[in-house]
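Q: Quick note: the sequence shown, position 310, residue 311 per the working numbering, numbers continuous.
C-beta: ideal position from N, C-alpha, C; glycine also.
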Amino acid sequence: MKTSEAEQHIVPVPTAVTSKRSTLIAKVVRDKYLLLLLLPGLAYFLLFKYVPMWGVLLAFKNYQPYVGFLGSEWVGLANFKQFFQDPVFFQLIRNTLLLGLYDMVFFFPAPIILAILLNEVRKSFYKRFIQSLIYIPHFISMVIVASISYLLLTTEGGVINEWVLKLFGHKIDFLTSENWFRPMIITQSIWKEMGWGTIIFLAALAGVDQEQYEAAIVDGANRFRQLWHITLPAIQGTIIVVLILRMGHFMDRGFEQVLLMINPLNRPVAEVFDTYVYTAGIIQGAFSYSAAVGLFKAIISVILVFTTNYLAKKAGHSGIF
């Protein structure tokens, strides 16, 4: 009698759910070796990307090293309020946004233009030779780049300044001038990373159907028409994806690069979020305050990525998520 009552209370599992579970298990068993290849990548992101995220809690505490992370007092949003009321807040916003804007206007299109030009080179030997040459600066450390910049631009015998002296009769303080700091940073970025950035766009260009160009030539289209109606539409999706990913680094102005080129004379235009976090956190020991500044910058970057992805979808593109 008890058995029949228990049977009456058994809730039948839907057939569709059981079928999905069986299908999922079957796929896991079938692809078990491929899934094993994911483990190193998952372990990397778990250990080095997600576990350190607990450190953002430091922004909501008054961290004291002698009592430790758990023993430090919770202060809520006090560190953020202090940062927003700090006179340096608007200076950091202005400097970081301007450098990011210059980067998007001058640096972002540079690899696309260079990739298109390289795609027009018909001799494969010359094409590979040029590609090898323009990839080299990517492997040079930023310390070397800063040293080269110093040797070229210093007023004490710098090569470029010697040319300027011969042409205009005076030298220019490139390294200490506020007006020349942003062009110098963007020029360094373009020289160092433009060639490396062409890899993705050259791969996209390699996938363009050559029959489209042949048909365009038969129709009388010149190189510019082929570029406008075939090449650019073919790599449009790649450009949008790279743009969205680039917006995630809009607020990252290269801590090492700016730190190497900053000095007391150009600091009003050179101080950005990354260098300020280093100064406040490492040099001045304000760990919680610098964590709040870094978290604020990260939140702005996330908003920019989601906004760009939303606008890309609104414009009819697929976006990245």
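Helix, strand or coil, according to DSSP, for residue 267 in the structure here?
A: Of the three classes helix, strand and coil, the one that applies to residue 267 here is coil, per DSSP.
Q: Hey, out of 219, 78, 279 and 89, whose CA is closest to residue 269's CA?
A: Nearest C-alpha to residue 269: 89.
Q: In angstroms with no decimal places, state the Cα-to-Cα distance between residue 305 and residue 166.
A: Distance between the alpha carbons of residue 305 and residue 166: 44 Å.
Q: Grouping DSSP H, G and I as helix and E and B as strand, with all else coil, what is residue 96?
A: Three-state DSSP puts residue 96 in a helix.
Q: For residue 118, report the span of its alpha helix (DSSP H) as first-last.
A: Run containing residue 118: 110-120, per the alpha helix (DSSP H) assignment.
Q: Which residue comes first and which comes last in the alpha helix (DSSP H) that contains residue 169?
A: Element bounds for residue 169: 160-169.
Q: Rounded to whole angstroms, what's the CA-CA distance from residue 310 to residue 206? Just pull it up for me.
A: So the alpha carbons of these two residues sit roughly 23 Å apart.
Q: Run the CB neighbour count on residue 189, radius 10 Å, all protein chains shown included, and call it buried at 16 or more, exposed below.
A: Flag for residue 189 reads buried.
Q: I'd like to know whether the C-beta atoms of residue 183 and residue 103 end up nearer to each other than 7 Å.
A: Yes, the pair counts as a contact, with Cβ atoms nearer than the cut-off.
Q: Just how far apart, CA to CA, sit residue 58 and residue 82?
A: Approximately 16 Å between the Cα atoms of the pair.
Q: Assign residue 66 to one of two classes, buried (16 or more other C-beta atoms within 10 Å of its C-beta) or exposed (fewer than that).
A: It is exposed - the Cβ of residue 66 has fewer than 16 other Cβ atoms within 10 Å.
Q: To which residues does DSSP link residue 63 through a beta bridge?
A: DSSP lists 74 as partners of residue 63.
Q: Do residue 291 and residue 281 count as a contact pair if the criterion is CB distance below 7 Å?
A: Yes. Within cutoff.
Q: Leaving out five residues before and five after residue 74 in sequence, what residues of the same chain have Cβ atoms less than 7 Å from its Cβ?
A: Here the set comprises 62 and 63.
Q: Just the C-alpha distance for residue 217 and residue 228, rounded to the nearest angstrom, thanks.
A: Taking the straight line joining both Cα atoms gives about 10 Å.
Q: What separation, rounded to the nearest whole angstrom, lies between the Cα atoms of residue 234 and residue 303?
A: Taking the straight line joining both Cα atoms gives about 28 Å.
Q: The alpha helix (DSSP H) spanning residue 51 covers which residue range?
A: No alpha helix (DSSP H) contains residue 51, which DSSP labels as neither H nor E.
Q: Report the three-state DSSP secondary structure of residue 323 (helix, strand or coil).
A: Residue 323 cannot be examined here, being either before or after the span of the chain that is shown, 2 to 322.
Q: If you drop the 5 nearest sequence neighbours on each side, which residues of the same chain put their C-beta closer than 7 Å to that of residue 93?
A: Closer than 7 Å at the Cβ level, and outside the excluded window around residue 93, lie 272, 273, 274 and 277.
Q: So, at 6 Å on beta carbons, what are the nonlocal neighbours of residue 2 in its own chain, with the 5 sequence-adjacent residues on each side left out?
A: For residue 2, the predicted structure reports a pLDDT of 44, less than 50, and the residue's modelled location is therefore unreliable. The matter cannot be settled from this model.
Q: Taking the alpha carbon of residue 215 as the point to measure from, which residue in 202, 203, 230 and 204 has its own alpha carbon closest?
A: Comparing Cα-Cα distances from residue 215 to each of 202, 203, 230 and 204, the minimum goes to 230.
Q: Tell me whether the beta-carbon of residue 136 lies closer than 7 Å to the beta-carbon of residue 197.
A: A contact, by the Cβ cut-off of 7 Å.
Q: Within 10 Å of its beta-carbon, does residue 284 have 16 or more other beta-carbons around it, so buried, or fewer, so exposed?
A: Counting Cβ neighbours within 10 Å, residue 284 comes out exposed, since fewer than 16 surround it.
Q: So what's residue 225 in DSSP terms, helix, strand or just coil?
A: Residue 225 falls in the helix class under three-state DSSP.
Q: Nearest to residue 320 by CA position, among 286, 267 and 248, is which residue?
A: Among 286, 267 and 248, the Cα nearest to that of residue 320 is on 248.
Q: According to the neighbour-count rule (16 or more other Cβ atoms, all chains shown, within 10 Å of its Cβ), is residue 224 buried or exposed?
A: Classification of residue 224: exposed, given that the 10 Å Cβ count is below 16.
Q: Please tell me whether residue 301 and residue 262 are closer than 7 Å, where the distance is taken between their beta carbons.
A: Not a contact, by the Cβ cut-off of 7 Å.
Q: Using only the alpha-carbon positions, how far apart do residue 204 and residue 175 sit?
A: Cα-Cα distance, rounded: 37 Å.
Q: Exposed or buried, residue 116, counting other C-beta atoms within 10 Å across all chains shown (16 or more means buried)?
A: It is buried - the Cβ of residue 116 has at least 16 other Cβ atoms within 10 Å.
Q: In the DSSP assignment, find the unbroken alpha helix (DSSP H) run with residue 238 in it and report its ends.
A: Here the alpha helix (DSSP H) through residue 238 covers 233-248.
Q: At which residues does the alpha helix (DSSP H) containing residue 79 begin and terminate?
A: Taken as a continuous stretch (DSSP letters only), the alpha helix (DSSP H) holding residue 79 covers 79-86.
Q: Going by alpha carbons, who is nearest to residue 244 out of 156, 49 and 201?
A: Taking only the C-alpha atoms, the option nearest residue 244 is 201.
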